[in-house]
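If you use UniProt numbering, the sequence shown closes out at 157, no skipped numbers anywhere. Okay, structure first, notes after.
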Amino acid sequence: MFKENKRLTAADTLIGQGTRAEGTLSCQASLRIEGEYRGDIECKEDVIVGESGVVRSNIAARDLTISGKVYGDVVTTGRLTILSSGQLHGSATTASLLVQDGGVLSGSCRMEAPRPQESPQPAAAPQPQAARQVHSGEPAPPRELREGVAKERRQAG
1 MFKENKRLTA ADTLIGQGTR AEGTLSCQAS LRIEGEYRGD IECKEDVIVG
51 ESGVVRSNIA ARDLTISGKV YGDVVTTGRL TILSSGQLHG SATTASLLVQ
101 DGGVLSGSCR MEAPRPQESP QPAAAPQPQA ARQVHSGEPA PPRELREGVA
151 KERRQAG
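Structure follows, in structure tokens:
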């Protein structure tokens, strides 16, 4: 009865139904295509081709979901999903592939291991002296034991 629509944020890009666009598209946020697009697409996030979407393009994205028609080669670092109404006519290179009953993949498919996410490595926080390993190769005793021994030494001395 009611269709569940994805809410768009200000960072999302939409090529709406009835719109025709052409060129090279590079976007940092997610992209949804309900109209027609011709050209290359490079998207850092997800690309969704809606049921009314027709794309004649090579697409590079994190995840790609196809409900409409795509004519061209696609590369995803994550998942390629072809829904029951979706059609992909071209080659696909992806880490994960899902084709629902009725979905069409007409072309070659190459599966590759997922690429590791590039994220800065946090600097290691210095360990408190009591938590460091004893140089004898034995792990440091539990904190309660260390504190108890230190207390006994203070009382004895």
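Every residue gets a Cβ at the ideal spot worked out from N, C-alpha and C, and that includes glycine. Bear in mind that the values here come from a model prediction, so they are computed numbers and not experimental data.
- Bridge partners of residue 155 according to DSSP: none are assigned.
- A residue is called buried when at least 16 other Cβ atoms come within 10 angstroms of its Cβ; residue 32 meets this threshold and is buried.
- Residue 37 and residue 22 have their C-alpha atoms some 6 Å from each other.
- Its chain contains 32 and 65 as the residues whose beta carbon lies nearer than 6 Å to that of residue 48, once the 5 sequence neighbours on both sides are disregarded; these appear in chain order.
- Around residue 39, the same chain offers 22, 23, 24, 25 and 57 as residues with beta carbons nearer than 7 Å, after the five sequence neighbours per side are excluded.
- For residue 60, the CB contacts under 6 Å within the same chain, skipping 5 residues up- and downstream, are 42 and 75 in chain order.
- DSSP places residue 65 within a strand segment (E or B) once states are collapsed to three.
- Between residue 91 and residue 63, the CB-CB gap reaches or exceeds 7 Å.
- Between the C-alpha atoms of residue 14 and residue 34 there is a straight-line separation of about 8 Å.
- Around residue 98, the same chain offers 79, 80, 81 and 82 as residues with beta carbons nearer than 8 Å, after the five sequence neighbours per side are excluded.
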